[in-house]
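Q: Residue numbers for the sequence shown follow numbering that gives the first Met the number 0, beginning at 0 and rising by one.
All residues carry an ideal CB built from backbone N, CA and C; glycine is no exception.
As the structure is a prediction and not an experimental result, all values here were calculated from the model.
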Amino acid sequence: MDIATLVGIVLGFASLIVAFLMEGGHAESLLGITAAMIVFGGTIGATMTSYSLADILSIPKLIARSMKTPPDRRPELVEEIVKLAEMARRDGLLALEGHPIDDPFLKRAVMMVVDGTDPELTEQILHADVEAMAARHARAYGMFTTMGGFAPTMGIIGTVMGLVHVLSSLENPDELGPAIAVAFLATLYGVASANLLWLPIGNKLKLRSKEEVEERQLIIEGILGIQAGENPRMLREKLVVLLPPAARSGRATRGATAQVGTSAMAPGGE
């Protein structure tokens, strides 16, 4: 689970509420059912008009996804790709067909290589797959960005509606202050939900998409290297560059150790 997402949302809202209470405010004055209906109902309604029903129904699933931290599989993918490269160089590309592969994208790429697909066509197909995936992800996190744009506007609409009601009841001056405060709750709900909920979740989903795209780009580089018959050791060096610095140093050390061990066992090695 991605603790940062949950803690960030709780901390953001808690900071606002605690600061309000420290200034002498009362918690019950922050509660406004009608303001919440206008802001959240209006935001969902406007977003539903902009997107399909299936997109709207996927919102809970997308929020849950933003709360999870997928493992960084790139270091393991580098090792698996290098292993495939060694197998292909030793036994030929057809030997890869029976090798068990868990990642669906890598498995599909390997089968294209085994089937003898032209390298340029292989690269085009795999990049098209990644672009299609990125477009689907963009539609998902773009929906939260859209909600982040609608929410403050709905808050302003709710405030204007509240002020219209207040100004139509000027015969009770003692009630003007509380009524105006309630009217401005809609603006508070709109701005707070946009900047503490919708936009941050959209940014987190965008980050998840970027990580998955980078993972698949690493696979493409590795598969094209295997298809070109590159030296597995050189292929490892090329793929390690695509890893984060922390993982990169560990892989580089492991590769250097393997090379030293190979040299020591070679004829004439010291």
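1. Please report the straight-line C-alpha distance between T256 and R232, rounded to a whole angstrom.
2. Measuring alpha carbon to alpha carbon, tell me which residue in P74, E96, R73, D71 is nearest L83.
3. For the segment 157 to 198, which segments carrying the beta strand (DSSP E) assignment without a break, of at least 3 residues, lie completely within its bounds, in sequence order?
4. Here's the rule: buried if 16 or more other CB atoms are within 10 angstroms of the residue's CB, otherwise exposed. What is T119?
5. Taking T121 as the reference, give the member of A134, S208, R107 with the closest Cα.
6. Let me make sure I understand the geometry here. Which of V109, I200, M36 has the alpha-carbon closest to that of G157?
7. Which residue's Cα is closest to the Cα of L15: E210, Q216, V190?
8. Measuring alpha carbon to alpha carbon, tell me which residue in E210, E22, H98, I32 is nearest P243.
9. Which first and last residues belong to the alpha helix (DSSP H) in which R89 is found?
10. On the premise that L92 lies in contact with V112, defined as a C-beta separation below 8 Å, what is that separation, rounded to the nearest angstrom?
11. At a cut of 8 Å, does the segment 159 to 169 reach the segment 134 to 143 through at least three beta carbon pairs?
12. Assuming Y188 contacts V38 (C-beta within less than 8 Å), just tell me the rounded distance between them.
13. Count Cβ pairs between the segment 215 to 224 and the segment 148 to 155 that sit closer than 8 Å; are there 3 or more?
14. Alpha carbon to alpha carbon, what distance is there between A193 and M47?
15. Taking S65 as part of the alpha helix (DSSP H), name the residues at either end of that continuous run.
16. By the three-class DSSP mapping on this structure, what secondary structure does D102 have?
A: Reading off the structure:
1. Start at 1 with the first residue of the sequence shown, and residue 256 comes out as number 257. Start at 1 with the first residue of the sequence shown, and residue 232 comes out as number 233. Low confidence applies here, because T256 scores a pLDDT of 44, under 50, leaving its location unreliable; read the following figure in that light. Each residue's alpha carbon lies about 12 Å from the other.
2. Taking the first residue of the sequence shown as 1, we reach residue 83 at position 84. Closest option to L83, Cα to Cα, is E96.
3. None, since the segment 157 to 198 contains no complete beta strand (DSSP E) of that length.
4. Indexing the sequence shown from 1 puts residue 119 at position 120. The residue asked about is misnamed: residue 119 is Glu in this sequence, not Thr. Sixteen is the threshold: since fewer than 16 other Cβ atoms of the shown chains lie within 10 Å of the Cβ of E119, the residue is exposed.
5. Position 122 of the sequence shown, counted from the start, is the residue given in the question as residue 121. That would be R107, whose Cα lies nearest to the Cα of T121.
6. Locating residue 157 in the sequence shown gives position 158, where the first residue counts as 1. Considering only alpha carbons, the answer is M36.
7. Here residue 15 refers to the residue found at position 16 when the sequence shown is read from its first residue. If we check each option's Cα against that of L15, V190 comes out closest.
8. Your numbering for residue 243 matches position 244 in the sequence shown. Comparing Cα positions, the closest option is E210.
9. Position 90 of the sequence shown, counted from the first residue, corresponds to residue 89. First-last of the alpha helix (DSSP H) with R89: 73 to 90.
10. The count along the sequence shown starts at 1 and reaches residue 112 at position 113. The count along the sequence shown starts at 1 and reaches residue 92 at position 93. The pair is a contact, with the Cβ atoms about 6 Å apart (cut-off 8 Å).
11. Pairwise C-beta distances place the segment 159 to 169 out of contact with the segment 134 to 143, as fewer than three of them are shorter than 8 Å.
12. In the sequence shown, residue 188 corresponds to position 189, counting from 1. In the sequence shown, residue 38 corresponds to position 39, counting from 1. Sure, about 4 Å apart at Cβ, within 8 Å.
13. The answer is no - the segment 148 to 155 does not touch the segment 215 to 224, with fewer than three Cβ pairs under 8 Å.
14. The sequence position of residue 47 within the sequence shown is 48, counting from 1. The sequence position of residue 193 within the sequence shown is 194, counting from 1. Rounded to the nearest angstrom, the two C-alpha atoms are 16 Å apart.
15. Residue numbering aside, residue 65 sits at position 66 when the sequence shown is read from its first letter. Per DSSP, the continuous alpha helix (DSSP H) segment holding S65 begins and ends at 58 to 65.
16. Translated into the one-based positions of the sequence shown, residue 102 becomes position 103. Coil at D102, not helix or strand.
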